[in-house]
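*Asks:* Residue numbering for the sequence shown follows the numbering used here, starting at 504 and increasing by one per position. Quick one: this structure, given as structure tokens, is what I'll be asking you about.
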Amino acid sequence: MLRRGAATVRDRTPFYGTATTEVLEAIEQILGRTLPRPDYGDDAETPDQNAMVQAAFLDFLDTPGEALRVGFARRCAERVRSILSKEGLDLSTFERAIWRRASDSISQDLADLLGIEELSADRAEELAVSERNLPIDGNGLWSPETDTFGPNLSPSERADIVAKVGRLAGDAALSPVQKLDQLLALPGLGPRAATGIAACLYPAAIAPDQPDARKGLGILELDVDELAPFQDLAMDLKSDLGAEDFVVLDHFLRWVAAGRMLDQEGDPDIPETTSGRVVKIAPGEDAHLWNECRDGGYIAVGWDTVGDLHAFATREAFEKAFEKAHLHVYRGNRSATIRLGRKVWSLLDLRPGDRVLANRGKKQLLAVGEVLEPGYVFRADRSRYKHTIKVRWDLSQARSVPEQHRWFETIVWLNAKEIQALGLALPPKPPTREPEPPPAPPIPTLDEIHRHLADEGLSIDRRTLRRYHVALQSRRFVVLAGPSGTGKTWLARAYADAVEAEHIVVPVAPNWASNEDLLGFLHPVHGTYVNTPFSSFVRRAAGAWVEGGRARAQMFHVVLDEMNLARVEHYFARFLSAMELCAQDGEALLEFAPGDIVALTPNLCFIGTVNVDETTHGFADKVFDRAQLLELTVNRALLVEHLGDAEYGLLLLKVWDAVHEVAPFAFRTLDDIAAYIEGATKLGAPWEEALDEQVLQKVLPRIRGGDPRVEWALEALRDLCGERLPLTRARSAAMLESYHAHGFATFF
């Protein structure tokens, strides 16, 4: 058992912390109450610190070049022992051949020295031992704190201490620990050099106490403060890992401290083979899920808080989500968390024809299963252990097997040697995968979209449409600004129809002040999530991204209508942060509630429409940073096109010419006027009367303020009306009189 001083790692949890689920439930039935479990989050698998360290050690041993460095360090230690065993150790020899640390980049050194372009680790280690002329002066185990031994001592004092070191090394009456104690008492050495010298003399009995080794222990949560507990802990760790000596253990801890556990691309445990792959997966702790896995034709794995693996475009995106969800389970150990996440992600590599071994402990094989189509399936209907692999079980393979040291982990990919040692045949090469579906049909051309919008009655110039089209493709968040009635929402909806995107219009309310107003909330009593139309739509987009095979996924457009009626940075805050990740990684994750994580996928676009007047809020810079802003203006030529051959069209255009600088109106107003005139004429009213009423009711209320242009607009409108628009002439004259009297015009 790995120790922290005198206490074991598991001493921090109740005695039943390692019991199976069935045992705990049985105890609870007897006691009539629920026993507290260790807080490992939502996963059924409890993290085992021993397993984490052992897994890291196995990775270290499999890392190319590490065996070379260990072999070189042992060669240096052997040389130091040889020098110390000779009588009359002098200061010059000590400083040159022992005090300084030898290079640990021997693989590259050898390659350069021998003129070899590429050098395997095995060959380099062989050369390190055989080539007697290599410059390997130094200790290979510790880096001294100062470049010169005993810089504060006189030359005679330094020489005397070195002589004592030589005599201690050759004293056969002293034990390794006694020699270490006396080395520690000598001035000028210190713990680093003293333990280093002792470790060169006794590599299986004394651990070099180096800063990187302590840092590595800290990462593995096995750190201690004092030297004596450090030696005890190192001895226990060497024994638990089966390390040959403290040389290999010291390099392992340096490897951990350097963050090398995360240097491997992909999952280093997945063997590269031309045949099918074999993976060992434990069906829950102590195989408590085996019966249901056997009967259901699958194997199940936990750590499913982040949801379906298919929802993530890349492994990196999944790792970020997994780390966020599970880092607390491993007490902040990021290396162990990401390593576990990569194990879970590796389930996607299973293909039909691959094999899955189900086990109980290290000595019992429960069955061998053949992976069936589709392989990995996320079963959201299960309460836990939602990651599953569909398999056909062969129960005839069940038997006891020699102890498999790597089977302490839930997921273990087996290499050919391990498969053969179990008496299993390598699975046949999986059949060639079905060809990828053809790419999604291209979105309509700009000309096709423009024709579709024209058929819908929306008049828009080609350049504005092109800007909107490209903005959506490049940023996925577009803000459409402009006066009311210019067709902002109409454009967003018609464009979505043209490109066959599913869309929803979400009206923004002025009282929205938090993310919950937009996203919904977790019900405090029932514990269920209360969705809004918006959050349901986002969930559907994420689901379509998975089901549609990404490239062919249905597009989803969310239209936030009048989004600046409330402060955008309040109710839209989570999305503003996530959109930056989308721009960098292609997708981001949103946590709607604890454990309820939804992917913000590339098939989801946001369109906000905004009016700029006294009833709205301005935008913070962070909104503009994450959006493409398009301003829709009113173009007279488009109004002419929109009016067509209406008999009142020319007069209405003259009204627009008179007032558009202070009270512009656009397509919605034109459509309202057209509908009103049609209704009035059906009742026998002349169109002139109906138009007069509409200018009075729809245009004049817009004219207000103290701007000099208000006076000019009222004068132009009054003069334009003549006898055909008497109601408008009278009201505009009255408003003009008020302007002259008070310097301000208003309809009321």
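The beta-carbon is built from N, C-alpha and C at its ideal position, and this holds for glycine as well.
Decide if threonine 902 is buried, meaning its Cβ has at least 16 other Cβ atoms within 10 Å, or exposed.
*Replies:* A quick correction: the sequence has arginine, not threonine, at residue 902. Arginine 902 comes out exposed.
*Asks:* Could you please give the first and the last residue of the uninterrupted alpha helix (DSSP H) stretch that includes tryptophan 793?
*Replies:* 793-799 is the extent of the alpha helix (DSSP H) around tryptophan 793.
*Asks:* The alpha helix (DSSP H) with lysine 827 in it runs from where to where?
*Replies:* Residues 818-829.
*Asks:* With distances taken Cα to Cα, identify the nearest neighbour of valine 1049 among Lys667, Asp1148, Glu1150, Asp811.
*Replies:* Considering only alpha carbons, the answer is Asp811.
*Asks:* Among residues of its own chain, excluding the 5 on either side of arginine 837, which ones have a beta-carbon nearer than 7 Å to its beta-carbon?
*Replies:* Glu826, Leu830.
*Asks:* Could you have a look at glycine 1182 and say whether DSSP puts it in helix, strand or coil?
*Replies:* Correct three-state label for glycine 1182: helix.
*Asks:* So phenylalanine 563 packs on valine 665, CB below 8 Å; how close in whole Å?
*Replies:* Contact flag wrong, Cβ pair sits at about 35 Å.
*Asks:* When the Cα atoms are used, what is the spatial distance from tyrosine 705 to alanine 672?
*Replies:* If you take the alpha carbons of tyrosine 705 and alanine 672, they lie about 10 Å apart.
*Asks:* When the Cα of valine 556 is compared with those of Lys667, Leu752, Pro679, which residue comes out closest?
*Replies:* Looking at the Cα atoms, Leu752 is the closest of the given residues.
*Asks:* For valine 526, count neighbouring Cβ atoms within 10 angstroms of its own Cβ and tell me buried if that reaches 16, exposed if not.
*Replies:* Residue confidence is low: valine 526 scores 48 on pLDDT, short of 50, so the model does not pin down where it sits. No coordinate-derived value is stated.
*Asks:* Just curious, the beta strand (DSSP E) that alanine 1004 is in, first and last residue?
*Replies:* Unbroken run through alanine 1004: none, as it is neither H nor E.
*Asks:* Where does valine 781 sit, in a helix, a strand or coil, going by DSSP?
*Replies:* Strand at valine 781.
*Asks:* Can you name the residues that DSSP bridges to serine 903?
*Replies:* Per DSSP, Gln867.
*Asks:* Taking only three categories from DSSP, how would you classify threonine 808?
*Replies:* DSSP places threonine 808 in coil when its eight states are reduced to three.
*Asks:* Going by CA-CA distance only, name the one from Ser595, Lys741, Ala600 that's closest to phenylalanine 560.
*Replies:* Selected option, being the one with the closest Cα: Lys741.
*Asks:* To the nearest angstrom, report how far apart glutamate 768 and glutamate 873 are at their CA atoms.
*Replies:* Model confidence at glutamate 768 stands at a pLDDT of 39, short of 50, so the residue's coordinates are unreliable and nothing is read from them.
*Asks:* Quick one: is glutamate 620 buried, meaning 16 or more other Cβ sit within 10 Å of its Cβ, or exposed?
*Replies:* In this prediction, glutamate 620 has a pLDDT of 44, which is less than 50 and means its spatial position is unreliable; what the coordinates show is noted afterwards. By the neighbour-count rule (16 or more Cβ atoms within 10 Å), glutamate 620 is not buried but exposed.
*Asks:* Would tyrosine 1179 pass as a contact of alanine 1193 if the rule is Cβ separation under 8 Å?
*Replies:* Cβ atoms of tyrosine 1179 and alanine 1193: closer than 8 Å.
*Asks:* If you compare alpha carbons, which of Asn1014, Arg966, Ser962, Ala707 is closest to alanine 997?
*Replies:* Of the listed residues, the one whose Cα sits closest to alanine 997 is Ser962.
*Asks:* Using DSSP with H/G/I as helix, E/B as strand and the rest coil, what is glutamate 660?
*Replies:* Residue state, collapsed to three classes: helix.
*Asks:* Taking the DSSP output, what are the residues bridged to glutamine 1131?
*Replies:* Paired residue(s): Val981.
*Asks:* Which two residues bound the contiguous beta strand (DSSP E) that contains threonine 891?
*Replies:* Threonine 891 -> beta strand (DSSP E) spans 890-897.
*Asks:* Rounded to the nearest angstrom, what separates tryptophan 916 and leucine 683 at their Cα positions?
*Replies:* Roughly 43 Å between the two C-alpha positions.
*Asks:* Do glycine 653 and the ligand NAD come close, with the Cβ less than 7 Å from some heavy atom?
*Replies:* Ligands are entirely absent from the displayed structure, and the ligand NAD is therefore not among its contents.
*Asks:* Excluding the 5 residues preceding and the 5 following proline 930 in the sequence, name in chain order all residues of the same chain whose CB lies nearer than 8 Å to its CB.
*Replies:* Taken in chain order, the residues that qualify are Ser778, Gly779, Arg780, Val781, Gly856, Asp857, Arg858, Glu873.
*Asks:* If you measure between the beta carbons of leucine 450 and arginine 1221, is that distance less than 8 Å?
*Replies:* Since the first and last residues shown for the chain are 504 and 1251, residue 450 lies out of range.
*Asks:* Using beta-carbon positions only, say whether leucine 686 and leucine 677 come within less than 8 Å of one another.
*Replies:* The answer is no: Cβ separation not under 8 Å.
*Asks:* Just to confirm, is the Cβ distance from arginine 979 to cysteine 1108 under 8 Å?
*Replies:* Closer than 8 Å, so yes.
*Asks:* If you check the beta carbons only, do asparagine 1114 and serine 987 fall under 8 Å apart?
*Replies:* The answer is yes: Cβ separation under 8 Å.
*Asks:* Would you call the CB atoms of tyrosine 1032 and phenylalanine 1075 closer than 8 Å?
*Replies:* The answer is no: Cβ separation not under 8 Å.
*Asks:* Report all residues from its chain with a CB closer than 6 Å to the CB of leucine 1230; omit the five preceding and five following residues, and keep chain order.
*Replies:* Cβ within range, chain order: Asp1195, Leu1199.
*Asks:* For the alpha helix (DSSP H) containing histidine 1245, list its first residue and its last residue.
*Replies:* Counting along the chain, the alpha helix (DSSP H) containing histidine 1245 begins and ends at 1229-1245.
*Asks:* Touching or not, the segment 1200-1211 and the segment 1162-1173, by the rule of three or more beta carbon pairs under 8 Å?
*Replies:* Result yes; three or more Cβ-Cβ pairs closer than 8 Å.
*Asks:* Hey, how far is the Cα of leucine 983 from the Cα of aspartate 1210?
*Replies:* The alpha-carbon atoms of leucine 983 and aspartate 1210 are separated by roughly 27 Å.
*Asks:* Take glutamate 906 as the anchor and find which of Gly864, Arg885, Ala828 has the nearest alpha-carbon.
*Replies:* The residue with the shortest Cα to Cα distance from glutamate 906 is Gly864.
*Asks:* Roughly how many angstroms lie between the CA atoms of valine 904 and alanine 731, to the nearest whole one?
*Replies:* In a straight line, the C-alpha of valine 904 is about 40 Å away from that of alanine 731.
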